[in-house]
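Colleague:
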Amino acid sequence: MFRVLNRYDEVFQIEMDGWCFGVTNYPGEVSAQVVHRIIRLLASSFQTAIEHNVVFDILDLASKFSVAARCLVHEQEIAYSIIAQLPNPANLHEDQQCVLGMVIDKVEQRYPGVLETFYKRWQIGAREAA
Amino acid sequence: MLRFLRGEPHSVVNVNDMEQNKAQQHHHEQQHDAALRDDLTWTQYITNLAANKLAPPKSQTSKVLEDFLSRLSEELYEKGEGRIRERLGGGDGASDKDRAFQSSDVGKEGSVSPIGLAAANADTMTLEQPLVGQQEAPQLTMATAKMESFSFSGNQDLARPTSSVQQLHQEIIAGNRWIDVLWQFIAAHQKRLVDPERLGIEPSERMDIQVELIRQIAASYDKLGMLTRLPDSLSEARELKVVDDIRTMALVYVTRSLMDVASPSEIADDNDETSPKKRQSIEFPRSVISPYEGIQPIEFDPMELLVNV
Chain A
4 MFRVLNRYDE VFQIEMDGWC FGVTNYPGEV SAQVVHRIIR LLASSFQTAI
54 EHNVVFDILD LASKFSVAAR CLVHEQEIAY SIIAQLPNPA NLHEDQQCVL
104 GMVIDKVEQR YPGVLETFYK RWQIGAREAA
Chain B
581 MLRFLRGEPH SVVNVNDMEQ NKAQQHHHEQ QHDAALRDDL TWTQYITNLA
631 ANKLAPPKSQ TSKVLEDFLS RLSEELYEKG EGRIRERLGG GDGASDKDRA
681 FQSSDVGKEG SVSPIGLAAA NADTMTLEQP LVGQQEAPQL TMATAKMESF
731 SFSGNQDLAR PTSSVQQLHQ EIIAGNRWID VLWQFIAAHQ KRLVDPERLG
781 IEPSERMDIQ VELIRQIAAS YDKLGMLTRL PDSLSEAREL KVVDDIRTMA
831 LVYVTRSLMD VASPSEIADD NDETSPKKRQ SIEFPRSVIS PYEGIQPIEF
881 DPMELLVNV
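Here it is, written out as structure tokens:
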């Protein structure tokens with residue numbers, strides 16, 4: 004296991020709980036678009052978490068967001084949306100790639116085929132960047 | 581009957597006509613719906629603008645104002661000549677002329693500007709949206725430009741000795757009419773609480789104040805349009821507003837959590853540089869920082885702008 008840097012796991016946990024709290028307690032209607040927009044906003048947090056060796060549970064996070072959004076968005080959809088925001092492994096160090104692998108592995112076990120789907124996507128991204 | 585026997589559908593023409601009529605009716609309905617939708621969008625935008633400073637759909641703004649102005653132009657210059665003559669004959673011209681002279685004094689040294697008067701009474705004047713000074717406005721909308729040419733043409737005409745009095749009167753009346761309509765439109769849609777009557781401003785001076793305020797409102801639209809990063813789409817702007825609200829609640833949660841986490845002894849340890857229990861500093865992710873960071877807010881004092889006009 005890799006050592007978490009700068010206690011970032013706590014920060015990440017508080018931040019995610021904060022967003023879930025916001026979504027849960029928002030008085031108006033929370034649409035699927037809003038949930039996906041929030042996930043997109045969290046892209047930098049996911050990247051920072053991986054850079055700080057935090058192996059976070061995407062399924063748990065997706066489930067929390069889904070419940071917070073009154074189950075308007077299925078947790079699988081949220082899980083895929085989160086993975087789509089993860090950084091391209093080509094831009095990460097070896098340790099960080101390993102952390103990313105551990106993060107995705109939990110989702111792959113639950114929803115087989117995720118890794119393949121995103122691997123293709125990352126390859127295209129890397130090719131475009133080159 | 582022969583047609584029928586030959587197998588020709590004699591009612592084909594009628595059916596086609598009916599279909600055409602149906603299609604036309606459907607088209608009209610669609611147009612009506614689109615117009616209604618535009619109206620609704622516009623009203624919603626106006627009501628949201630002051631409170632949320634959402635992106636003004638500039639095209640919509642200029643479109644509505646231009647429509648108004650072009651319609652008025654037609655009415656006043658093509659169909660409404662009789663009405664203008666009637667108003668001229670009604671004895672209103674003298675007061676309008678006086679009004680023109682008064683407006684020509686605005687801006688001269690020593691003269692008391694009606695805007696200044698408004699500013700003096702401005703403690704009773706509430707604006708839902710800050711005004712932007714005319715000197716700061718990068719460009720005025722077409723509506724304002726047109727309005728200027730009318731409202732201030734009195735000054736130019738007075739400077740020209742060759743201009744006829746009747747033409748001058750016509751322009752003044754047209755200018756008044758335009759300003760009145762625009763004012764009504766803005767007052768109705770934007771719910772501004774600027775009431776010159778309540779402020780005790782003389783009717784002859786109201787027009788100048790209205791002109792200035794309309795001009796400033798138009799300028800503020802441009803200014804907002806330049807500074808905002810929000811897209812033109814209202815639905816997307818609404819979505820961003822929701823996300824912003826949720827973000828605020830998330831920040832409240834984060835702040836509260838952090839306050840709860842640290843006990844007095846932990847805080848004491850943190851403040852003590854030599855303490856072995858001093859905790860490592862933690863960095864907040866960028867996502868909890870406002871995405872509007874880096875954009876300088878518009879800082880101005882509406883009172884000062886009003887006085888300097």
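Same order as they appear, the protein sequences are chains A and B. Residues in the first sequence are numbered from 4 upward in steps of one, following my numbering. Residues in the second sequence are numbered from 581 upward in steps of one, following my numbering. Backbone N, C-alpha and C fix where the C-beta goes; we use that ideal spot for every residue, glycine too.
1) Between the stretch 820–832 of chain B and chain A, which residues of the former have CB atoms less than 9 Å from a CB of the latter, in chain order?
2) Taking CB distances under 8 Å as the criterion, tell me whether F121(A) reaches chain B.
3) By Cβ distance, which residues of its chain are closer than 8 Å to N9(A), with the 5 residues on each side in sequence left out?
4) Let me see if you follow: with CB-CB separation under 8 Å, is D63(A) close to chain B or not?
5) Cβ closer than 7 Å: which chain B residues qualify as neighbours of R40(A)?
6) Alpha carbon to alpha carbon, what distance is there between H96(A) and Q88(A)?
7) When we look at the beta-carbon of G116(A) and count the other beta-carbons within 10 Å, is it buried (16 or more) or exposed?
8) Determine which residues of the stretch 92–104 of chain A have a Cβ less than 9 Å from any Cβ of chain B, and write them out in chain order.
9) Find the nearest neighbour of I107(A) within the set A65(A), I41(A), Y29(A), E131(A), judged by alpha-carbon distance.
10) Let's see if you can read the secondary structure: which residues bound the alpha helix (DSSP H) around G31(A)?
11) Run through chain B and tell me which residues come within less than 7 Å of Q36(A), C-beta to C-beta.
12) With 8 Å as the C-beta to C-beta threshold (strictly closer), list the residues of the stretch 13–26 of chain A near chain B in chain order.
13) Please identify the residue among E111(A), Y29(A), W22(A) whose C-alpha is closest to the C-alpha of I86(A).
14) Kindly indicate which three-state DSSP category G116(A) falls into: helix, strand or coil?
15) Under a Cβ-count criterion, where at least 16 other Cβ atoms within 10 Å of its own Cβ denotes burial, should Q50(A) be classed as buried or exposed?
16) Does any residue of chain B bring its CB to less than 8 Å from the CB of G128(A)?
17) Rounded to whole angstroms, how far is the Cβ of G21(A) from the Cβ of A830(B), which I believe are closer than 8 Å?
18) Looking at chain B, which residues of the stretch 49–62 of chain A have a Cβ within less than 7 Å of any of its Cβ atoms?
19) Going straight from the alpha carbon of Q600(B) to that of R818(B), what length do you get?
20) Is Y29(A) near D824(B), with beta carbons less than 8 Å apart?
21) Return the chain-ordered list of same chain residues with a C-beta closer than 7 Å to the C-beta of E6(A), the five sequence neighbours on each side being excluded.
22) Check whether the Cβ of G31(A) lies closer than 8 Å to any Cβ atom in chain B.
23) Select from L62(A), C74(A), A93(A), E18(A) the residue whose C-alpha is nearest the C-alpha of A52(A).
24) Quick one: using the 10 Å Cβ neighbour count with 16 as the cut-off for buried, is V37(A) buried or exposed?
25) Hey, does R113(A) have any beta-carbon neighbour from chain C nearer than 8 Å?
26) According to DSSP, is Q88(A) helix, strand or coil?
27) Determine the direct distance from the alpha carbon of E853(B) to that of V14(A), and round the result to whole angstroms.
28) State the Cα-Cα distance for the pair H39(A) and S855(B), rounded to the nearest angstrom.
29) Can you tell me the Cα-Cα spacing of L45(A) and V26(A), whole angstroms?
Modeller: On the basis of the coordinates in this document:
1) L820, V822, V823, D825, I826, R827, T828, M829, A830, L831, V832
2) Numbered from its first residue, the first sequence carries residue 121(A) at position 118. Output row for F121(A): interface = no.
3) On the first sequence, position 6 is the one that residue 9(A) refers to. Cβ within range, chain order: H55.
4) Mapped onto the first sequence, residue 63(A) falls at position 60. Cβ-Cβ to chain B under 8 Å: no for D63(A).
5) Looking up residue 40(A) in the first sequence gives position 37. Residues of chain B passing the Cβ test: E819, V823.
6) On the first sequence, position 85 is the one that residue 88(A) refers to. On the first sequence, position 93 is the one that residue 96(A) refers to. If I take the Cα positions, the gap works out to 18 Å.
7) Here residue 116(A) refers to the residue found at position 113 of the first sequence. It is exposed - the Cβ of G116(A) has fewer than 16 other Cβ atoms within 10 Å.
8) none
9) As a first step, residue 107(A) is located in the first sequence; it is residue number 104 there, counting from the start. For the residues A65(A), I41(A), Y29(A), E131(A), the minimum Cα distance to I107(A) belongs to A65(A).
10) Locating residue 31(A) in the first sequence gives position 28, where the first residue counts as 1. Looking at the DSSP string, G31(A) is not in any alpha helix (DSSP H), and its letter there is neither H nor E.
11) Position 33 of the first sequence, counting from 1, holds the residue named residue 36(A). Neighbours of Q36(A) on chain B, chain order: E819.
12) E13, V14, F15, I17, E18, D20, G21, W22, F24, G25, V26
13) Residue 86(A) sits at position 83 when you count from the first residue of the first sequence. Selected option, being the one with the closest Cα: E111(A).
14) The residue labelled residue 116(A) in the question sits at position 113 within the first sequence. Coil.
15) Taking the first sequence and counting its residues from 1, one reaches residue 50(A) at position 47. Looking at its Cβ environment, which holds 16 or more other Cβ atoms inside 10 Å, Q50(A) is buried.
16) Counting from one through the first sequence, the residue named residue 128(A) turns up at place 125. It does not; no Cβ of chain B falls within 8 Å.
17) The sequence position of residue 21(A) within the first sequence is 18, counting from 1. The sequence position of residue 830(B) within the second sequence is 250, counting from 1. About 4 Å; that satisfies the 8 Å criterion.
18) T51
19) For the purposes of this step, residue 600(B) is taken as the residue at position 20 of the second sequence. For the purposes of this step, residue 818(B) is taken as the residue at position 238 of the second sequence. In a straight line, the C-alpha of Q600(B) is about 40 Å away from that of R818(B).
20) Sequence index remark: in the first sequence, residue 29(A) carries index 26 (1-based). Sequence index remark: in the second sequence, residue 824(B) carries index 244 (1-based). No, the Cβ-Cβ distance between Y29(A) and D824(B) is not below 8 Å.
21) Residue mapping note: residue 6(A) aligns to position 3 of the first sequence, counting from 1. In the sequence as presented, Glu is not what sits at residue 6(A); that position holds Arg. These residues qualify, in order along the chain: N56.
22) Counting from one through the first sequence, the residue named residue 31(A) turns up at place 28. Yes - at least one Cβ of chain B is within 8 Å of the one on G31(A).
23) As a first step, residue 52(A) must be located in the first sequence, where it is residue number 49. The residue with the shortest Cα to Cα distance from A52(A) is E18(A).
24) Counting from one through the first sequence, the residue named residue 37(A) turns up at place 34. So V37(A) ends up on the buried side.
25) This model lacks chain C altogether, as its protein chains are A and B.
26) Here the question's residue 88(A) lines up with position 85 in the first sequence. Reduced to three states, the DSSP call for Q88(A) is coil.
27) As a first step, residue 14(A) is located in the first sequence; it is residue number 11 there, counting from the start. As a first step, residue 853(B) is located in the second sequence; it is residue number 273 there, counting from the start. Each residue's alpha carbon lies about 22 Å from the other.
28) Translated into the one-based positions of the first sequence, residue 39(A) becomes position 36. Translated into the one-based positions of the second sequence, residue 855(B) becomes position 275. The alpha-carbon atoms of H39(A) and S855(B) are separated by roughly 44 Å.
29) Residue mapping note: residue 45(A) aligns to position 42 of the first sequence, counting from 1. Residue mapping note: residue 26(A) aligns to position 23 of the first sequence, counting from 1. Straight-line Cα distance between these residues: approximately 14 Å.
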